[in-house]
Amino acid sequence: DVKVTQSSRYLVKRTGEKVFLECVQDMDHENMFWYRQDPGLGLRLIYFSYDVKMKEKGDIPEGYSVSREKKERFSLILESASTNQTSMYLCASSFISGTGSVTEAFFGQGTRLTVV
Amino acid sequence: DQQVKQNSPSLSVQEGRISILNCDYTNSMFDYFLWYKKYPAEGPTFLISISSIKDKNEDGRFTVFLNKSAKHLSLHIVPSQPGDSAVYFCAASPRVAGNNRKLIWGLGTSLAVNP
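Spelled out as structure tokens, the structure:
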């Protein structure tokens with residue numbers, strides 16, 4: 154079974170703190186993603202990476218950065234946490250089939266971040 | 007502008023009956039569609055997918071129908087069970103070159119299956 158593991162289920166941080174959310178996948182997937190989910194807004198893509206050291210901005214990258222130094226690990230960084238970054242953060246990974254088609258993304262269990 | 011739309015935020019059905027969740031899309035470049043299920047405080051889990059070259063895909067109680075001319079897909083759950091109560095997300099993937107494809111998500115439909 155594919156496993157995507159996020160380092161924390163729940164986090165509480167103070168405004169202005171630098172926050173690291175870690176994600177590890179064990180299936181050698183090329184693609185990794187960070188989303189946030191808020192009520193009524195669905196899943197919004199923050200950043201994604203299709204290879205080591207490669208990253209692309211998603212729909213809402215402001216206030217976030219990412220790091221992918223190893224294929225299995227994708228980190229989301231909140232440079233200076235703010236209360237409007239209180240949310241559920243979801244990491245996902247997927248691979249590309251031999252024909253170049255996208256495959257389904259596998260998600261971690263989520264991190265509920267509260268910024269106070 | 008939402009490229010993938012789930013126009014019903016919620017749906018309530020009786021146990022044993024059929025649940026039909028709908029999804030509309032606007033981008034004709036989408037060629038792969040997926041449905042995910044999400045329980046509260048958990049990550050989404052993949053349910054079923056369909057390629058644009060097909061019009062139907064079935065997996066147990068779950069069937070996805072694709073109508074390309076109408077740019078519409080639907081997920082049928084038969085029979086519905088209380089454990090199916092969750093938020094269902096529709097997602098689509100565009101036909102692009104390279105290996106950096108990403109999914110475009112709908113806002114979700116909350117399904118409640120009543121015993």
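Chains S and A, in that order, are what the protein sequence lines are. Residues 154 to 269, numbered by our numbering, are exactly what the first sequence covers, in order. Residues 7 to 121, numbered by our numbering, are exactly what the second sequence covers, in order. For each residue, glycine too, the CB sits at the ideal point set by N, CA and C.
The ligand GTP heavy atom lying under 6 Å from the CB of residue i
{"i": "Val-268(S)", "result": "Ligands displayed in this structure: none; no statement on the ligand GTP is therefore possible."}
Secondary structure of residue i, DSSP reduced to three states
{"i": "Asn-73(A)", "result": "strand"}
{"i": "Gln-87(A)", "result": "coil"}
{"i": "Asn-13(A)", "result": "coil"}
{"i": "Gly-238(S)", "result": "Rather than Gly, the amino acid found at residue 238(S) in this sequence is Gln. Three-state DSSP puts Gln-238(S) in a helix."}
{"i": "Glu-175(S)", "result": "strand"}
{"i": "Asp-181(S)", "result": "coil"}
Residue interval of the beta strand (DSSP E) (run including residue i)
{"i": "Thr-122(A)", "result": "Given a span of 7 to 121 for chain A in the structure shown, any question on residue 122(A) remains unanswerable."}
{"i": "Thr-51(A)", "result": "51-57"}
{"i": "Phe-95(A)", "result": "92-100"}
{"i": "Gly-169(S)", "result": "Element bounds for Gly-169(S): n/a, residue is neither H nor E."}
{"i": "Asn-63(A)", "result": "62-65"}
{"i": "Arg-162(S)", "result": "Careful: Arg-162(S) lies outside any beta strand (DSSP E) and carries neither H nor E."}
{"i": "Arg-23(A)", "result": "That residue, Arg-23(A), is in no beta strand (DSSP E); it is neither H nor E in DSSP."}
{"i": "Leu-40(A)", "result": "36-44"}
Per DSSP, the bridge partner or partners of residue i
{"i": "Ser-233(S)", "result": "Answer by DSSP bridge pairing: none, since Ser-233(S) is not bridged."}
{"i": "Ala-245(S)", "result": "Phe-186(S) and Phe-260(S)"}
Own chain residues within Cβ distance below 8 Å of residue i, not counting five before or after
{"i": "Pro-214(S)", "result": "Ile-199 and Tyr-200"}
{"i": "Asn-120(A)", "result": "Ser-18, Val-19, Gln-20, Glu-21 and Pro-88"}
6 Å CB neighbourhood of residue i in its chain, flanking five on each side removed
{"i": "Ala-118(A)", "result": "Ser-18 and Ser-91"}
Cutoff 7 Å; reference residue i; Cβ partners in own chain excluding five residues on either side
{"i": "Trp-111(A)", "result": "Val-10, Phe-95 and Ala-97"}
Residues, ordered as in the chain, of the stretch 188-201 of chain S that lie near chain A by beta-carbon distance below 9 Å: Tyr-188, Gln-190, Gly-193, Leu-194, Gly-195, Leu-196, Arg-197, Leu-198 and Phe-201
Members of the stretch 30-43 of chain A that neighbour chain S once the beta carbon cut-off is set at 7 Å: Tyr-38 and Leu-40
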